[in-house]
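Residue 1 is where the sequence shown starts when you use the UniProt record's numbering, and the numbers rise one by one after that.
Here the structure comes first, spelled out in structure tokens, and everything after it is commentary.
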Amino acid sequence: MTTIRPVSKADADAVTAIYAHHVLHGTGTFDIDPPTAAHWRDRIADILARGWPFLVAEREGRVLGYAYAAQFRDRAAYRASCEDSIYIAEEARGSGVGTMLLGALIAAAPAAGFREMVAVVGGPEPASVALHGKLGFREVGRLHDIGEKFGRSLDVLFLQRTL
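The structure is reproduced here in structure tokens:
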């Protein structure tokens with residue numbers, strides 16, 4: 001059975017591995033080089049210290065994915081708007097883990113003071129667009145040819161929903 005729980009420092013290595021796969025093989029993130037486990041330990045600590053939700057999906061002791069919400073932009077006027085980040089381990093894609101994680105993140109975000117959630121989808125990755133659409137996000141904008149990865153020009157799609 002898959003469970004959703006808050007992230008812990010002990011999850012940093014699993015989060016690092018999941019994200020590294022997406023960096024090296026996908027266009028959902030525009031990172032080119034995977035961040036280190038130390039980076040992820042710091043990122044986890046920062047998000048939790050701010051009271052923002054960071055969740056993992058776990059089955060039989062194995063982390064299958066993670067999702068977190070962070071303030072959409074740094075400026076104070078954005079304090080009630082968050083951007084979600086969600087990444088699923090390759091072996092768990094298509095299993096419903098993403099729906100469980102994003103649903104739990106949407107439910108948790110208002111307690112952190114957020115009232116709007118934005119997804120910034122690189123590529124745009126079709127699975128991420130479908131997942132967000134399934135959970136009530138609507139397309140609100142697109143930046144054309146804004147990134148380049150794997151020798152191709154990439155768009156960024158903005159999706160939004162009220163919490």
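Glycine included, every Cβ here is placed at the ideal spot set by N, Cα and C.
These numbers were taken from a predicted model, which means no experiment stands behind them.
Environment of Val140 [buried if 16+ CB atoms lie within 10 Å]: Burial call: exposed.
Exposure of Ser8, with buried meaning 16 or more beta-carbon neighbours within 10 Å: Taking a 10 Å sphere around the C-beta of Ser8, we find fewer than 16 other C-beta atoms and assign the residue as exposed.
N-terminal and C-terminal residue of the beta strand (DSSP E) that Pro126 is part of: Run containing Pro126: none in the beta strand (DSSP E); it sits in the alpha helix (DSSP H), 126-134.
Cβ shell of Phe30 (< 6 Å), same chain only, five flanking positions each side left out: Taken in chain order, the residues that qualify are Gly122, Gly147.
Residue from His25, Glu58, Ile18, Leu163 with nearest C-alpha to Phe114: For Phe114, the closest C-alpha among the options His25, Glu58, Ile18, Leu163 is that of Leu163.
Same chain, Cβ closer than 7 Å to Glu90, neighbours up to 5 away in sequence not counted: The residues are His21.
Bridge partner(s) assigned by DSSP for Lys149: According to DSSP, Lys149 shares a beta bridge with Arg152.
Run of the beta strand (DSSP E) containing Gly123, from where it starts to where it stops: Residues 116-123.
Per-residue DSSP class, three states only, for Ala57: Secondary structure at Ala57: strand, using DSSP grouped into helix, strand and coil.
Exposure label - Ile32; buried when at least 16 CB within 10 Å: Ile32 counts as exposed, since fewer than 16 other beta carbons sit within 10 angstroms of its beta carbon.
Neighbourhood of Thr3 by C-beta distance below 7 Å, restricted to the same chain and skipping five residues each side: Cβ within range, chain order: Glu58.
Asp118 vs Ser81 beta-carbon contact at 8 Å: Contrary to the premise, residue 118 reads as Val rather than Asp in this sequence. Cβ atoms of Val118 and Ser81: closer than 8 Å.
Per DSSP, the bridge partner or partners of Glu83: Beta-bridge pairing links Glu83 to Ala70, Val118.
Whole-angstrom C-beta distance between Arg142 and Gln160, which should lie under 8 Å: Contact between Gln160 and Arg142 is absent: CB atoms are separated by about 13 Å, not below the 8 Å threshold.
Val129 and Leu102 closer than 8 Å at C-beta: Contact flag unset, no.
Whole-angstrom C-beta distance between Leu154 and Thr27, which should lie under 8 Å: In this structure Thr27 touches Leu154 by the C-beta definition: roughly 6 Å separates them, less than 8 Å.
Unbroken alpha helix (DSSP H) run spanning Arg41, endpoints: Its alpha helix (DSSP H) spans residues 37-49.
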